[in-house]
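*Asks:* 530 is the number that my numbering gives to position 81 of the sequence shown; each next residue is one higher, with no gaps. We put the CB at the ideal spot given by N, CA and C, even for glycine. Since the structure is predicted, the reported quantities are computational estimates derived from the model, not experimental observations. Input: one structure, supplied below.
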Amino acid sequence: MGPTLDPETHRLYLSTVLTTQAARSIGRVRIAADSDASHLLALARNLGAERVERTHRLSFEPCYPGITAGVQRVSGGLRLLLACRASYHGGEPLGVVFTSLIPGRSPRVSVAPVGTPIPEGWLPPDHPAAD
450 MGPTLDPETH RLYLSTVLTT QAARSIGRVR IAADSDASHL LALARNLGAE RVERTHRLSF
510 EPCYPGITAG VQRVSGGLRL LLACRASYHG GEPLGVVFTS LIPGRSPRVS VAPVGTPIPE
570 GWLPPDHPAA D
C-alpha cells in the first residue's frame, strides 16, 4: 500500500487482501455448508495475518481476526463475526476490520472507518465463552 493512497482506498485494498488470505487459510473458496459452531470457531482460530502485517506494515489490535460475540444463529443458519482494529506501524489508525464466516459462503472481510465501535464484551475465538 503506497503512502499516497487515501484511507478509503487503503481500507478497500486491505479488505481484498484479508478476504483472499482468509480463503487461503480455510483452504477453499466457500466454507463447508454443513459447518457447525465448533468448526467456525476452529476456522477463526486458524486465521492469521502475520504476513499481511509484515508486507503492508500494519498492526492489528487485538491480533487478527480479533474478538467475537461467538457464533450466532441468524435466519438461515450460523454466522461468526470477528473484529479488530488496524493501524499503520507508526500508530496511525486505519480502521476496524470485520471478518464474517458463514457456512456455505466465502469468508468476507471489510474494513470500516476508524471511529466504528466494536461491541463491548466480545472475546477471542479461543475463549471458552465464545463457544
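Quick check: what's the CA-CA separation for C512 versus D483?
*Replies:* Going from the Cα of C512 to the Cα of D483 covers about 28 Å.
*Asks:* Taking only the alpha-carbon atoms, compute the straight-line gap between A472 and A535 and give it to the nearest angstrom.
*Replies:* Cα-Cα distance, rounded: 20 Å.
*Asks:* Quick one: Cα of S555 to Cα of L490, how far?
*Replies:* In a straight line, the C-alpha of S555 is about 15 Å away from that of L490.
*Asks:* Round the Cβ separation of V520 and A532 to the nearest angstrom and send it over; I've been treating them as touching at under 8 Å.
*Replies:* About 15 Å; that fails the 8 Å criterion.
*Asks:* Count the other C-beta atoms from every protein chain shown that fall within 10 angstroms of the C-beta of A493, then say buried if there are 16 or more, exposed otherwise.
*Replies:* So A493 counts as buried.
*Asks:* What are the partner residues of G544, as DSSP defines its beta bridges?
*Replies:* Per DSSP, A535.
*Asks:* Alpha carbon to alpha carbon, what distance is there between G553 and G527?
*Replies:* The question names Gly, but residue 527 is Leu in the sequence shown. Their backbone Cα atoms lie some 10 Å apart in a straight line.
*Asks:* On the CB-based measure, 16 or more other CB atoms within 10 Å of its CB, does R506 come out buried or exposed?
*Replies:* R506 should be labelled exposed.
*Asks:* Can you tell me whether P562 is buried or exposed? The criterion is at least 16 other CB atoms within 10 Å of its CB, across all chains shown.
*Replies:* By the 10 Å Cβ count, P562 comes out exposed.
*Asks:* Short check: CB of V558 to CB of T458, under 7 Å?
*Replies:* Their beta carbons are not under 7 Å apart, which means V558 does not touch T458 by this criterion.
*Asks:* Give the secondary structure of A578 by DSSP, where H, G and I count as helix, E and B as strand, and everything else as coil.
*Replies:* Correct three-state label for A578: helix.
*Asks:* Where do the N-terminal and C-terminal ends of the alpha helix (DSSP H) with R477 fall, by residue?
*Replies:* Per DSSP, R477 belongs to no alpha helix (DSSP H) and is neither H nor E.
*Asks:* Using the Cα positions of P574 and F547, report the straight-line distance between them to the nearest angstrom.
*Replies:* Cα to Cα, the separation comes out at about 14 Å.
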